[in-house]
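Each position in the sequence shown, counted from 1, maps to that position plus 1330 in my numbering.
By construction, the Cβ of each residue, glycine as well, lies at the ideal position given by its N, Cα and C atoms.
Note that the coordinates shown come from a computational prediction; the quantities given were computed from them, not determined experimentally.
Each remark here refers to the structure printed beneath this line.
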Amino acid sequence: MLLNKWMKRHTPTLYAPMEGDIIPLEEVTDPVFSEKMMGDGIAIMPTNGTVVAPADGTMVQVAPTKHAIGLRSGDGAEILIHVGLDTVELAGSPFDVHVKVGDTVTTGQPLLTADLEQIRQAGKDTVTPMVITNGSTLEHPYSFHVGGPSLPGKTVVAQMYNRFSHVKLPDALAFFSGKRLVPIMTAFSMILVSVALYFIWPVVYTGLVGFGETISKMGTFGAGLYGFFNRLLIPTGLHHALNSVFWFDVAGINDIGNFWSGEGVKGITGRYQAGFFPIMMFGLPAAALAMYHTAKTKRKKQAASLLLAAAFASFFTGVTEPLEFSFMFLAPVLYLVHAVLTGISLFIAATFQWTAGFGFSAGLVDFVLSSRLPLANQPYMLLVQGLVFGAIYYAVFRFMIVKLNLATPGRESDEAVDAVATETAPEGDTKTAPVAAGGQYSAMAAMIYDGLGGDQNVTGIESCVTRLRVDVKDMDTVDQAQIKKAGIPGIKVVSPNHIQVIVGTNVQFVLEEIEKIRSHRAG
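Dropping the structure here:
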């Protein structure tokens, strides 16, 4: 399953933001969502009022009326969650927001709580659309599947919050009611989790040790398999259990201890260490160079600051995590290739009986210290092997990054368009209204305001999270074609004297420019 995901070029994943039944966006009664003016997505008929983060990301918008929130995921997706329909009219009464703009959030973290019953009593629909407002600009598009129940992104804390944040205790314990009850119940729940892990972890550990003992009997091929699984297990932290089989005395190998004490067999002892030197001293730094060379020009400096420090740490000390984690989740297929190449390196070094060892990790410091030990066998051939692997890493990484358009450091998708679109947005267009050149919205604002009829026709204007809400004297004066030339996704005429211009999550900047225009003309 993981391999399939890797081979699909890192298809991004979103979790449902609420509990309930998932329905197609087309079934939402508001055409702004059903016609996908704001973008593609799903809708949920909620059974629980807690809205959680559908992905790791950063909060970029919280509506003043609290009915809608926006976040930007690590993949660059701008996600809008709109709780209920026309709930902006409730002025925030049923909503309690737990985050603010700029906060970093994790999948399953509570963002907002809605009183669904209060929304229903106000005559509003509780259906909650979740849309990607910039889906057409993403390097890795999202696909949406509907039908059946949904469960929001789960963490223990999120579940405890959903379950206990509104619980009222007896008066004697009232201080611990509601949100204060959440950490208390979380602590108790983790005790139960710990008890479960007390029985589960020994089974997992024993399984990994047994697996390690099996491949240790395969000679040089086993050394290669160990190298592959050593890297593959790093994201989970389970590689430590596997390491104990080969490096220490769990299964009688004790590769590190025997190598440094000189009690092993020359050319054999050290085989589970030697092959890491070409990877950590040459392969990964070369991969960092490939990522730097393929970074976008305007982001090379930023990428260099990360990659240079990480490459030096890998070469000098053998600390690889900063470099590996820089692409492990952004481009998992590259990490899979890295694991394969590590396995091949250990196999080659073991086959030719080139050995060196480490007390900390396979960096320059340990290489120099171990190369003079009695059991070191042709250690400098590992440097030759390292040069070859450096070339392989650079070529493979550069080819795959460019060929598969992988989002390695410095290649993230742009978050905004540099110029205002001058043509009418096609029906059903899913992109957010573009940004004016230089990050300014004055041109778009002027085009929209003139299309609305200007000062002579506009009597009032405000915005919600995605739309300009405009009161006009005469709807016949409004030039919708002129407004659409600003590149906006759509227009909704609500009544003879009220029109909504769907701009997108950048609406606040457009409104600010319109207010400047109105103020200037009034002066």
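Who pairs with residue i in a beta bridge, going by DSSP?
{"i": "F1425", "result": "A1444"}
{"i": "I1352", "result": "I1374"}
{"i": "H1412", "result": "A1398"}
{"i": "M1460", "result": "I1372 and I1411"}
{"i": "V1358", "result": "According to DSSP, which records beta bridges pairwise, V1358 is partnered with nothing at all."}
{"i": "T1380", "result": "T1443"}
Taking only three categories from DSSP, how would you classify residue i?
{"i": "A1661", "result": "coil"}
{"i": "N1560", "result": "helix"}
{"i": "Q1683", "result": "coil"}
{"i": "G1400", "result": "strand"}
{"i": "V1418", "result": "helix"}
{"i": "S1825", "result": "strand"}
{"i": "Q1838", "result": "helix"}
{"i": "G1820", "result": "strand"}
{"i": "Q1708", "result": "coil"}
{"i": "I1832", "result": "strand"}
{"i": "T1566", "result": "helix"}
{"i": "V1431", "result": "coil"}
{"i": "M1389", "result": "strand"}
{"i": "V1649", "result": "coil"}
{"i": "L1736", "result": "coil"}
{"i": "A1625", "result": "coil"}
{"i": "F1697", "result": "helix"}
{"i": "H1850", "result": "helix"}
{"i": "R1728", "result": "helix"}
{"i": "K1903", "result": "Since the first and last residues shown for the chain are 1331 and 1853, residue 1903 lies out of range."}
Beta-carbon within less than 8 Å of residue i's beta-carbon, same chain only, minus the 5 sequence neighbours each way: which residues are those?
{"i": "G1592", "result": "L1703, P1704 and L1705"}
{"i": "F1690", "result": "T1647, G1648 and D1696"}
{"i": "I1583", "result": "S1546, V1575, F1576, W1577 and Y1602"}
{"i": "D1801", "result": "V1788, T1789, G1790, I1791, N1827 and H1828"}
{"i": "I1821", "result": "Q1810, I1813, K1814, I1829, Q1830, V1831 and I1832"}
{"i": "A1641", "result": "L1614, P1615, A1618, L1619 and L1653"}
{"i": "F1506", "result": "L1499 and I1514"}
{"i": "F1677", "result": "T1550, F1551, A1553, G1554, G1557 and G1605"}
Taking residue i as the reference, give the member of the options with the closest Cα.
{"i": "N1378", "options": "P1361, G1400 and E1349", "result": "E1349"}
{"i": "D1780", "options": "Q1812, D1801 and T1434", "result": "Q1812"}
{"i": "D1386", "options": "V1435, G1820, D1426 and H1428", "result": "V1435"}
{"i": "L1903", "options": "V1525, L1420, T1544 and M1610", "result": "Given that the chain is displayed from residue 1331 to residue 1853, the structure contains no residue 1903 and the question cannot be resolved."}
{"i": "R1848", "options": "V1788, Y1556 and V1831", "result": "V1788"}
{"i": "G1406", "options": "F1839, I1844, V1800 and A1737", "result": "A1737"}
{"i": "G1549", "options": "D1804, T1599, K1430 and V1390", "result": "T1599"}
{"i": "V1457", "options": "L1499, T1395, Y1535 and I1374", "result": "I1374"}
{"i": "T1437", "options": "H1428, S1403, G1414 and T1463", "result": "S1403"}
{"i": "L1563", "options": "M1367, E1654 and G1594", "result": "E1654"}
{"i": "F1659", "options": "I1462, D1370, G1465 and P1739", "result": "P1739"}
{"i": "M1711", "options": "T1685, P1652 and S1825", "result": "T1685"}
{"i": "A1661", "options": "I1731, L1527, I1678 and Q1632", "result": "I1731"}
{"i": "T1807", "options": "C1794, R1799, G1784 and G1820", "result": "G1784"}
{"i": "S1466", "options": "D1370, G1453 and L1717", "result": "D1370"}
{"i": "T1681", "options": "Q1708, V1667, P1500 and F1688", "result": "Q1708"}
{"i": "P1347", "options": "P1459, V1362, S1700 and H1569", "result": "P1459"}
{"i": "T1796", "options": "V1823, L1671, L1841 and Y1665", "result": "L1841"}
{"i": "L1355", "options": "I1411, G1716 and T1380", "result": "I1411"}
{"i": "G1673", "options": "A1620, G1557 and L1699", "result": "G1557"}
{"i": "M1368", "options": "V1461, V1667, A1669 and L1664", "result": "V1461"}
{"i": "V1534", "options": "I1514, T1566 and I1521", "result": "T1566"}
{"i": "K1454", "options": "D1360, P1513, F1506 and K1366", "result": "D1360"}
{"i": "C1794", "options": "V1525, A1639, F1677 and D1416", "result": "D1416"}
{"i": "L1885", "options": "S1656, A1816, F1529 and R1510", "result": "Examination of residue 1885 is not possible in this model, given that the chain is present from 1331 through 1853 alone."}
{"i": "F1719", "options": "Y1345, A1398, V1497 and A1679", "result": "A1679"}
Is any non-hydrogen atom of the ligand ADP found closer than 6 Å to the C-beta of residue i, if you look at the structure I gave you?
{"i": "M1610", "result": "No copy of the ligand ADP appears in this structure; indeed no ligand is present at all."}
Skipping 5 residues on each side, what residues in its chain have a beta carbon closer than 7 Å to that of residue i?
{"i": "E1843", "result": "Y1771, S1772 and A1775"}
{"i": "L1401", "result": "A1383, G1387, T1388, M1389, V1390, I1409 and V1435"}
{"i": "T1762", "result": "With a pLDDT of 39 at T1762, under the threshold of 50, the modelled position of that residue is not reliable, and no figure is offered here."}
{"i": "H1623", "result": "R1728"}
{"i": "D1804", "result": "N1787"}
{"i": "K1430", "result": "M1389 and V1392"}
{"i": "A1669", "result": "F1558, R1561 and L1562"}
Beta-carbon within less than 6 Å of residue i's beta-carbon, same chain only, minus the 5 sequence neighbours each way: which residues are those?
{"i": "G1542", "result": "L1572 and V1575"}
{"i": "Y1723", "result": "G1613, A1616 and A1617"}
{"i": "L1555", "result": "I1545"}
{"i": "A1421", "result": "T1395"}
{"i": "F1606", "result": "A1692"}
{"i": "F1839", "result": "Y1771"}
{"i": "R1851", "result": "D1785"}
Subject >> Whole runs of the beta strand (DSSP E) within the segment 1768-1803, excluding any shorter than 3 residues >> reply: Annotation: the segment 1768-1803 contains the following complete segments of the beta strand (DSSP E) (minimum length 3 residues), in chain order: 1788-1793 and 1797-1802.
Original post:
Which parts of the segment 1491-1563 are runs of the alpha helix (DSSP H), unbroken and 4 residues or longer, counting only runs that do not cross its ends?
Top reply: Here the runs fully enclosed are 1511-1545 and 1549-1562.
**OP:** Go through the segment 1584-1610 residue by residue and report every complete run of the alpha helix (DSSP H) that reaches 4 residues or more, in order.
**Re:** If only complete runs of 4 or more residues are kept, the segment 1584-1610 shows the alpha helix (DSSP H) at 1585-1591 and 1601-1604, in order along the chain.
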